[in-house]
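A.B. asks:
Number of protein chains: 2
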Amino acid sequence: MMVNNDLSESIIFPKGNKVEGPLASVFTGDAWVEMLVTDEKFNCPVYNVTFEPRGRNNWHSHPGGQILLVTGGRGWYQEDGKPGRELKPGDVVKIPSNVKHWHGAAKDSWFTHLGITTNPEKGDAKWFETVTDEEYNKLDS
Amino acid sequence: MMVNNDLSESIIFPKGNKVEGPLASVFTGDAWVEMLVTDEKFNCPVYNVTFEPRGRNNWHSHPGGQILLVTGGRGWYQEDGKPGRELKPGDVVKIPSNVKHWHGAAKDSWFTHLGITTNPEKGDAKWFETVTDEEYNKLDS
Numbered sequence: 003m004m005v006n007n008d009l010s011e012s013i014i015f016p017k018g019n020k021v022e023g024p025l026a027s028v029f030t031g032d033a034w035v036e037m038l039v040t041d042e043k044f045n046c047p048v049y050n051v052t053f054e055p056r057g058r059n060n061w062h063s064h065p066g067g068q069i070l071l072v073t074g075g076r077g078w079y080q081e082d083g084k085p086g087r088e089l090k091p092g093d094v095v096k097i098p099s100n101v102k103h104w105h106g107a108a109k110d111s112w113f114t115h116l117g118i119t120t121n122p123e124k125g126d127a128k129w130f131e132t133v134t135d136e137e138y139n140k141l142d143s
Numbered sequence: 003m004m005v006n007n008d009l010s011e012s013i014i015f016p017k018g019n020k021v022e023g024p025l026a027s028v029f030t031g032d033a034w035v036e037m038l039v040t041d042e043k044f045n046c047p048v049y050n051v052t053f054e055p056r057g058r059n060n061w062h063s064h065p066g067g068q069i070l071l072v073t074g075g076r077g078w079y080q081e082d083g084k085p086g087r088e089l090k091p092g093d094v095v096k097i098p099s100n101v102k103h104w105h106g107a108a109k110d111s112w113f114t115h116l117g118i119t120t121n122p123e124k125g126d127a128k129w130f131e132t133v134t135d136e137e138y139n140k141l142d143s
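Respectively, the protein sequence lines represent chains U and C. Take my numbering: the final residue in the first sequence is number 143, and no numbers are missing along the way. Take my numbering: the final residue in the second sequence is number 143, and no numbers are missing along the way.
This is the structure in structure tokens:
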């Protein structure tokens, strides 16, 4: 399979560090995260996330919701029980509170999005099971 | 002066409509705004703003602060009484509550940023005087 390894169009914001340690256990494949805004005065954590091809996070939910702003590559967003939504640069994903979902790269492309944790005072993300290869492969076949 | 009119690299998010009506009175030159997130549940208005070369907004402040995420072109951010900060894609500007400032394009480039109004429950932006040509021309000479 051809893979677009040219991230020159994708890297607008800093790529940051590869996810390692406990957080890596809720990813399939490699991902990189750069925190862009952490100051609590803003009450608005903002970060840049980059996934390698086939890279994705586990099913999870956010008590206060999340916004994704796609800046590079091609990827997927899926809510539990729904078909996947293909994502390209310029797409905006509005993830309601407590909706179980995952996001990640397409099979043949890197994928980069900004993320905003909304209403962060409502608590941290809740992490669930891995998105299996069987689930993932259905999306892009 | 050479002007980079190629916005193909800048338009990641929708350009939206040209600012008209009362809001146009607090801009110098033309600007375009697309609201990306307005749902009050997120408590996090997100928008894409595009300025033509030399386009800028008036001096203003935000009671709850604002975050800018630069996605295209070249521009400026300036806080009252401080030197201007040149902005390029990938730059993040964290604007504290009630700090008087302006942002806009460079003389020779279009400029596009995402904006996030943080702590929006604290109220709407307060608008002040125009950034004069004298103030503006000092930045990039």
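By construction, the Cβ of each residue, glycine as well, lies at the ideal position given by its N, Cα and C atoms.
Within 8 Å of any Cβ in chain U, is that where the Cβ of residue 96/C sits?
C.D. replies: Working through the second sequence from its first residue, we reach residue 96/C at position 94. Chain U contact via Cβ: present.
A.B. asks: Using the DSSP secondary-structure output, state which residues sit across from residue 79/C in a beta bridge.
C.D. replies: As a first step, residue 79/C is located in the second sequence; it is residue number 77 there, counting from the start. In the DSSP output, where bridge partners are listed per residue, residue 79/C has 87/C, 105/C.
A.B. asks: Please state the DSSP three-state secondary structure of residue 127/U.
C.D. replies: Sequence index remark: in the first sequence, residue 127/U carries index 125 (1-based). Here residue 127/U sits in coil by DSSP.
A.B. asks: Compare the Cα-Cα distances from residue 75/U to each of 47/U, 63/U, 105/U, 101/U and report the closest residue.
C.D. replies: Position 73 of the first sequence, counted from the first residue, corresponds to residue 75/U. If we check each option's Cα against that of residue 75/U, 105/U comes out closest.
A.B. asks: If we call anything under 8 Å between Cβ atoms a contact, is residue 60/C one with residue 28/C?
C.D. replies: If you number the second sequence from 1, residue 60/C lands on position 58. If you number the second sequence from 1, residue 28/C lands on position 26. Yes. Within cutoff.
A.B. asks: Where DSSP assigns a beta bridge to residue 140/U, which residues make up the other side?
C.D. replies: The residue labelled residue 140/U in the question sits at position 138 within the first sequence. In the DSSP output, where bridge partners are listed per residue, residue 140/U has none listed.
A.B. asks: Looking at the secondary structure, which residues open and close the beta strand (DSSP E) in which residue 34/U lies?
C.D. replies: Taking the first residue of the first sequence as position 1, residue 34/U is located at position 32. Taken as a continuous stretch (DSSP letters only), the beta strand (DSSP E) holding residue 34/U covers 33-39.
A.B. asks: What residues from chain C crowd round residue 52/U, counting only those whose CB sits closer than 9 Å?
C.D. replies: Looking up residue 52/U in the first sequence gives position 50. The premise fails here: residue 52/U is roughly 13 Å from chain C at the closest Cβ pair, so nothing lies under 9 Å.
A.B. asks: Check whether the Cβ of residue 10/C lies closer than 8 Å to any Cβ atom in chain U.
C.D. replies: Locating residue 10/C in the second sequence gives position 8, counting from the first residue. Below a pLDDT of 50, predicted positions are generally treated as unreliable, and residue 10/C, at 46, falls in that range; no measurement from the model is reported.
A.B. asks: What are the boundary residues of the beta strand (DSSP E) that includes residue 97/U?
C.D. replies: Here residue 97/U corresponds to residue number 95 of the first sequence, with the count starting at 1. Per DSSP, residue 97/U belongs to the beta strand (DSSP E) from 94-97.
A.B. asks: Give the straight-line distance between the Cα atoms of residue 3/U and residue 55/U, rounded to the nearest whole angstrom.
C.D. replies: Translated into the one-based positions of the first sequence, residue 3/U becomes position 1. Translated into the one-based positions of the first sequence, residue 55/U becomes position 53. The pLDDT assigned to residue 3/U is 46, lower than 50, so where the model puts this residue is not dependable, and the model offers no usable value.
A.B. asks: At least one CB of chain U closer than 8 Å to the CB of residue 32/C: is that the case?
C.D. replies: In the second sequence, residue 32/C corresponds to position 30, counting from 1. Closer than 8 Å: no.
A.B. asks: Do residue 135/U and residue 103/U have their beta-carbon atoms positioned less than 8 Å apart in this structure?
C.D. replies: Taking the first residue of the first sequence as position 1, residue 103/U is located at position 101. Taking the first residue of the first sequence as position 1, residue 135/U is located at position 133. Not in contact: residue 103/U and residue 135/U (Cβ atoms no closer than 8 Å).
A.B. asks: Of the residues 16/C, 86/C, 112/C, 25/C, which one's Cα is nearest the Cα of residue 141/C?
C.D. replies: Here residue 141/C refers to the residue found at position 139 when the second sequence is read from its first residue. Of the listed residues, the one whose Cα sits closest to residue 141/C is 86/C.
A.B. asks: Return the first residue and the last residue of the beta strand (DSSP E) that residue 50/C is part of.
C.D. replies: In the second sequence, residue 50/C corresponds to position 48, counting from 1. Segment 48-53, the beta strand (DSSP E) holding residue 50/C.
A.B. asks: With DSSP run on the structure shown, which of helix, strand or coil describes residue 72/C?
C.D. replies: Position 70 of the second sequence, counted from the start, is the residue given in the question as residue 72/C. Residue state, collapsed to three classes: strand.
A.B. asks: Between the stretch 123-135 of chain C and the stretch 60-72 of chain U, are three or more C-beta pairs nearer than 8 Å?
C.D. replies: Not touching, per the Cβ criterion.
A.B. asks: Tell me whether residue 66/U sits in a helix, a strand or coil according to DSSP, three-state version.
C.D. replies: Position 64 of the first sequence, counting from 1, holds the residue named residue 66/U. In the structure shown, residue 66/U sits in coil (DSSP, three-state: anything other than H, G, I, E or B).
A.B. asks: Beta-carbon within less than 8 Å of residue 121/U's beta-carbon, same chain only, minus the 5 sequence neighbours each way: which residues are those?
C.D. replies: Here residue 121/U refers to the residue found at position 119 of the first sequence. If we look at residue 121/U and ignore the five residues flanking it on each side, its Cβ neighbours are 65, 66, 67, 99.
A.B. asks: On the CB-based measure, 16 or more other CB atoms within 10 Å of its CB, does residue 117/C come out buried or exposed?
C.D. replies: Here residue 117/C refers to the residue found at position 115 of the second sequence. It counts as buried.
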